[in-house]
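In my numbering, the protein residues as written are 645 to 756. The beta carbon of each residue, even a glycine, is placed where N, CA and C say it ideally should be. These numbers were taken from a predicted model, which means no experiment stands behind them.
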């Protein structure tokens, strides 16, 4: 059975937020915007390792900062947002993206 390029229930692009105080952020999004919690995966130290929230027909992913893995919230000097981009042909896109980044000297967290 072939792998779906985009999982059911997700859009082509999904933001992933790195925050300080993940549990509090989840509660804020639920109360302020009516988000529903799809699930959360707490780590042994109580930090949120991964969580997903539903806002209408869209989802976001969220985790507590994890300095030991280089995932920093803005307060720690990090970039708080990354993007999951689902595509049909990642192997065909990778060479073009890699070449473009080299040409523009960009730093990409691109993973295949």
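Could you check which residue in the options has the C-alpha nearest to that of residue i?
i: residue 657; options: 719, 740, 682, 701; result: 701
i: residue 727; options: 653, 651, 647, 661; result: 661
i: residue 712; options: 706, 729, 725, 693; result: 693
i: residue 706; options: 678, 741, 666; result: 666
i: residue 646; options: 733, 720, 739; result: 733
Taking residue i and residue j to be in contact with their CB atoms under 8 Å, please state how far apart those CB atoms are, rounded to whole angstroms.
i: residue 695; j: residue 670; result: 6 Å
Please work out which residues of its chain come closer than 6 Å, Cβ to Cβ, to residue i, disregarding the five sequence neighbours upstream and downstream, and give them in chain order.
i: residue 680; result: 698
i: residue 723; result: none
In the DSSP assignment, find the alpha helix (DSSP H) that holds residue i and state where it starts and stops.
i: residue 667; result: 666 to 677
Assign residue i to one of two classes, buried (16 or more other C-beta atoms within 10 Å of its C-beta) or exposed (fewer than that).
i: residue 735; result: exposed
Could you name the residues of the same chain whose beta carbon sits closer than 8 Å to that of residue i, not counting the 5 residues immediately before and after it, in chain order?
i: residue 674; result: 680, 681, 697
i: residue 749; result: At residue 749 the pLDDT is 49, less than 50, meaning the model places this residue with poor confidence and gives no usable figure here.
With a threshold of 7 Å on Cβ separation, who are the neighbours of residue i within its own chain once the five nearest residues in sequence on each side are excluded?
i: residue 737; result: 731
Ends of the beta strand (DSSP E) at residue i?
i: residue 658; result: 657 to 663
Is any beta-carbon of chain D found at less than 8 Å from that of residue i?
i: residue 698; result: This model lacks chain D altogether, as it is built from one protein chain only.
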